[in-house]
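These notes are about the structure you will find just below.
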């Protein structure tokens, strides 16, 4: 970018070359029209013009150095005044019509160097001009008038000199005043411009610091701005968003076409949630609010603010689900407890009758069915009570790696295992300690493992693993249980409901296994992550915070003996 000083210097050099060209043209015209005139020494005149062009070329070559050494600017302006004096001398001194040329270097000095330069060159011009006239009237050698010219009377000469000096001083003073005012105006303008830039930058920083996405559109719905949070949420770069239609870029509902239709009296859409598909294919929920963008001239467009509410909505659904269960669970737990007593009595009575009564084969078979179904009903009630009223028994350091290994060995001897099944155990030889109730951890591993085995009706490998993962610090360490099967998998739309009670996925299941797992893990401050595709198997990751204090485990149980 060209600096202000360089721009002024370039204009000064261009003006100097232009004046020299005009003088050259005037001299050439005089030479052509009056070739025998002796009023002007044309050779010296043309030589002086040539010197002016040479100096201008030198100034151009020294332009960069001139910016660094300001005294070179003063030298240029002084030489300009001297060159003008030479022109005045060659054209008759006191009789010259070119004395007004002194105003040019004065104006140039004021423009480049402000008031200081104008006054300096003005004083120098007055001194040179007065000295030239004084030398002519004193008859100094070399200052004689050209042939055919005579000195005017002293009074006329003094009047002419005084008038010119007054004119030079007036030009210097006026241009200095104007230059100072212009300089002050430039300073104020620069300050105002800096303030505007600072405000714009500050506003931009505020907009980019927002955690919510912010986009503005024109009245037709074309995006004008797209902040940093909007890019982070949607994965769309501003360059790709700006200029596009908001309905297409943000995948807004079709009802927004009416908002952006430009029709007077259109209704502003209220806040709404909708599903947005990210560039990588993932789907998230966006909460969007709209408002008109109002300027002093009226409505100019719309302001769209949005944020990712996927996790918030998930937590709301879970909270609502837990609230519903809290009310129903207490009542159901009481009813289930009451059912167990008569159920036990009935089962005991049937067993006594079966032993004491003479029964044929069909009657014995019916008795067996009643007893078997009573046991199954009792198991369901026991599981439901474990889900509704889970209690920690004894918190102590347990080796999760050993629990996973034991579960794998038990499954290898399970009647549900056939020749097409394979159990793979991936556990370190060293203990993986976790402060917890061992029976609850075993229940988690067993429920997940048996579910994985049942999902592989056509065979496959069930992989059980346990490990400790290190975080950024010791407090962020995790104990991870990983169960991976090669079964039928779970459809994406069914993943959110697998932890709901009584949603059995297998014929002999109670529908409470995963619900119990989720509740136990939640009480330890852990998390469950399920990834699955239909036909590609399922992976369940259970993560416990290794720092038992944050998991709600008593401090005395943290230390591993």
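In the working numbering, the protein residues as written are 192 to 752. A virtual CB, placed ideally from N, CA and C, is assigned to each residue, including glycine. Note that this is a predicted model, so its numbers are computed, not measured.
Pick from 366, 431, 465 and 434: whose alpha carbon is nearest that of residue 447?
Reading the chain shown from its first residue, position 256 is the one you call residue 447. For residue 447, the closest alpha carbon among the candidates 366, 431, 465 and 434 is that of 465.
In the DSSP output, what is residue 637 paired with across the bridge?
Along the chain shown, one-based indexing puts residue 637 at 446. According to DSSP, residue 637 bridges with nothing at all.
Buried versus exposed call for residue 262 [16 or more other C-beta atoms within 10 Å across all chains shown]:
Here the question's residue 262 lines up with position 71 in the chain shown. Using a 10 angstroms sphere on the CB of residue 262, the tally of other CB atoms stays under 16, which defines it as exposed.
Residue 736, enclosing beta strand (DSSP E) - first and last residue
By 1-based counting over the chain shown, the position of residue 736 is 545. It spans 728-736 - the beta strand (DSSP E) in which residue 736 sits, taken as one unbroken run.
What does DSSP give as the partner residues of residue 476 in its beta bridges?
Numbered from 1 along the chain shown, position 285 holds the residue referred to as residue 476. Answer by DSSP bridge pairing, in chain order: 466.
My assumption, with CB atoms under 8 Å, is that residue 297 sits in contact with residue 362. Please give the rounded CB distance.
Walking along the chain shown from the start, residue 297 turns up at place 106. Walking along the chain shown from the start, residue 362 turns up at place 171. That belief holds up - the Cβ atoms of residue 297 and residue 362 are roughly 5 Å apart, short of 8 Å.
Quick check on residue 418: buried or exposed, where buried means 16 or more other Cβ atoms within 10 Å of its Cβ?
What you label residue 418 is simply residue 227 of the chain shown in a count that begins at 1. Buried, since its Cβ has 16 or more Cβ neighbours within 10 Å.
Per DSSP, what kind of secondary structure is residue 587 in: helix, strand or coil?
Position 396 of the chain shown holds residue 587. Collapsing the DSSP output to three states places residue 587 in a strand.
To which residues of the same chain is residue 416 closer than 6 Å at the C-beta, ignoring the five residues directly before and after it?
Within the chain shown, the letter at position 225 stands for residue 416. Cβ-Cβ distances below 6 Å link residue 416 to 407 in the same chain, with the five nearest sequence neighbours on each side left out; the list follows chain order.
Span of the beta strand (DSSP E) around residue 612
For this step, residue 612 is matched to residue 421 along the chain shown. Per DSSP, the continuous beta strand (DSSP E) segment holding residue 612 begins and ends at 612-617.
Can you name, in chain order, every residue of its own chain whose Cβ lies under 8 Å from the Cβ of residue 491, other than the five neighbours on each side?
One-based indexing of the chain shown puts residue 491 at position 300. Excluding residues within five positions, the ones whose Cβ falls inside 8 Å are 409, 410, 484 and 485.
Would you kindly check if the distance between the Cβ of residue 723 and the Cβ of residue 686 is under 8 Å?
Your numbering for residue 686 matches position 495 in the chain shown. Your numbering for residue 723 matches position 532 in the chain shown. Yes, the Cβ-Cβ distance between residue 686 and residue 723 is below 8 Å.
From 620, 311, 386 and 604, pick the residue whose C-alpha is nearest to that of residue 590; which is it?
Indexing the chain shown from 1 puts residue 590 at position 399. When only C-alpha atoms are compared, the closest one is 620.
Take residue 402 and list the residues in its own chain whose beta-carbon comes closer than 8 Å to its own, dropping the five residues that flank it on each side.
Translated into positions along the chain shown, residue 402 becomes position 211. Taken in chain order, the residues that qualify are 420 and 498.
Between the Cα of residue 317 and the Cα atoms of 709, 279 and 669, which residue gives the shortest distance?
The sequence position of residue 317 within the chain shown is 126, counting from 1. Ranking 709, 279 and 669 by Cα distance to residue 317 puts 279 first.
Keeping to the same chain, check which residues put their C-beta closer than 8 Å to that of residue 274; ignore five residues upstream and five downstream.
By one-based count along the chain shown, residue 274 stands at place 83. Cβ neighbours of residue 274 beyond the five flanking positions: 239, 242, 243 and 246.
For residue 728, which residues from the same chain have a beta carbon less than 6 Å from its beta carbon, with the 5 sequence-adjacent residues on both sides left out?
For the purposes of this step, residue 728 is taken as residue 537 along the chain shown, with counting starting at 1. Taken in chain order, the residues that qualify are 676, 677, 678 and 680.
When the distance is taken between beta carbons, is residue 530 closer than 8 Å to residue 634?
Numbered from its first residue, the chain shown carries residue 634 at position 443. Numbered from its first residue, the chain shown carries residue 530 at position 339. No. Outside cutoff.
Let me check one thing: in DSSP terms, what residues is residue 436 bridge-paired to?
Here residue 436 refers to the residue found at position 245 of the chain shown. Its beta-bridge partners are 413.
Quick one: what's got a C-beta closer than 8 Å to residue 348's C-beta in the same chain, skipping five residues either side?
Taking the first residue of the chain shown as 1, we reach residue 348 at position 157. Within the same chain, residue 348 has close Cβ partners 285, 324, 328 and 342.
Buried or exposed: which applies to residue 368, given that a residue is buried once 16 or more other Cβ atoms fall within 10 Å of its Cβ?
Counting from 1 along the chain shown, the entry for residue 368 is found at position 177. The residue is exposed, with fewer than 16 neighbouring Cβ atoms inside 10 Å.
Rounded to a whole number of angstroms, what is the C-alpha to C-alpha distance between residue 661 and residue 714?
Within the chain shown, the letter at position 470 stands for residue 661. Within the chain shown, the letter at position 523 stands for residue 714. Roughly 22 Å between the two C-alpha positions.
Which of helix, strand or coil does DSSP assign to residue 483?
Stepping through the chain shown from its first residue, residue 483 is reached at position 292. Of the three classes helix, strand and coil, the one that applies to residue 483 here is strand, per DSSP.
When DSSP labels each residue in this structure, what does residue 540 get in the three-state scheme?
The residue given as residue 540 occupies position 349 in the chain shown. Reduced to three states, the DSSP call for residue 540 is helix.
Check residue 756 in the structure and name its three-state DSSP category.
This structure cannot settle anything about residue 756, because the visible part of the chain is limited to 192 through 752.
Apply the 10 Å Cβ neighbour rule to residue 404 and answer buried if 16 or more other Cβ atoms are within range, or exposed otherwise.
As a working mapping, residue 404 is identified with position 213 in the chain shown. Buried: at least 16 other Cβ atoms inside 10 Å.
Runs of alpha helix (DSSP H) lying entirely within the stretch 244-326, each at least 4 residues, in chain order:
Counting only unbroken stretches of 4 or more residues, the alpha helix (DSSP H) elements lying wholly within the stretch 244-326 are 254-259 and 262-281, in sequence order.
Give the straight-line distance between the Cα atoms of residue 623 and residue 670, rounded to the nearest whole angstrom.
Residue 623 sits at position 432 when you count from the first residue of the chain shown. Residue 670 sits at position 479 when you count from the first residue of the chain shown. So the two alpha carbons sit approximately 7 Å from each other.
What is the DSSP secondary structure of residue 205, counted as helix, strand or coil?
Position 14 of the chain shown, counted from the first residue, corresponds to residue 205. In the structure shown, residue 205 sits in a helix (DSSP, three-state: H, G or I).
Just grab the DSSP bridge partners of residue 628 for me.
Position 437 of the chain shown, counting from 1, holds the residue named residue 628. According to DSSP, which records beta bridges pairwise, residue 628 is partnered with 586.
Give the straight-line distance between the Cα atoms of residue 281 and residue 199, rounded to the nearest whole angstrom.
The residue labelled residue 281 in the question sits at position 90 within the chain shown. The residue labelled residue 199 in the question sits at position 8 within the chain shown. Computed Cα separation, rounded: 30 Å.
Can you round the beta-carbon distance between residue 359 and residue 276 to whole angstroms, since I take them to be within the 8 Å contact cut?
Sequence index remark: in the chain shown, residue 359 carries index 168 (1-based). Sequence index remark: in the chain shown, residue 276 carries index 85 (1-based). 12 Å between Cβ atoms; not a contact.
Using beta-carbon positions only, say whether residue 321 and residue 268 come within less than 8 Å of one another.
Against the chain shown, residue 321 aligns to sequence position 130. Against the chain shown, residue 268 aligns to sequence position 77. In this structure, residue 268 does not lie closer than 8 Å to residue 321 by Cβ.
Evaluate residue 393 with the Cβ neighbour count: other Cβ atoms within 10 Å of its Cβ, from every protein chain shown; 16 or more gives buried, anything less gives exposed.
Taking the chain shown and counting its residues from 1, the one referred to as residue 393 is at position 202. The residue in question, residue 393, is exposed, as its Cβ has fewer than 16 Cβ neighbours within 10 Å.
Can you say whether residue 271 is buried or exposed, counting buried as having 16 or more other CB atoms within 10 angstroms of its CB?
Residue numbering aside, residue 271 sits at position 80 when the chain shown is read from its first letter. Classification for residue 271: buried.
Once you ignore the five residues that flank residue 611 on each side, which residues in its own chain have a CB closer than 6 Å to its CB?
By one-based count along the chain shown, residue 611 stands at place 420. Excluding positions up to five away in sequence, the list reads 650.
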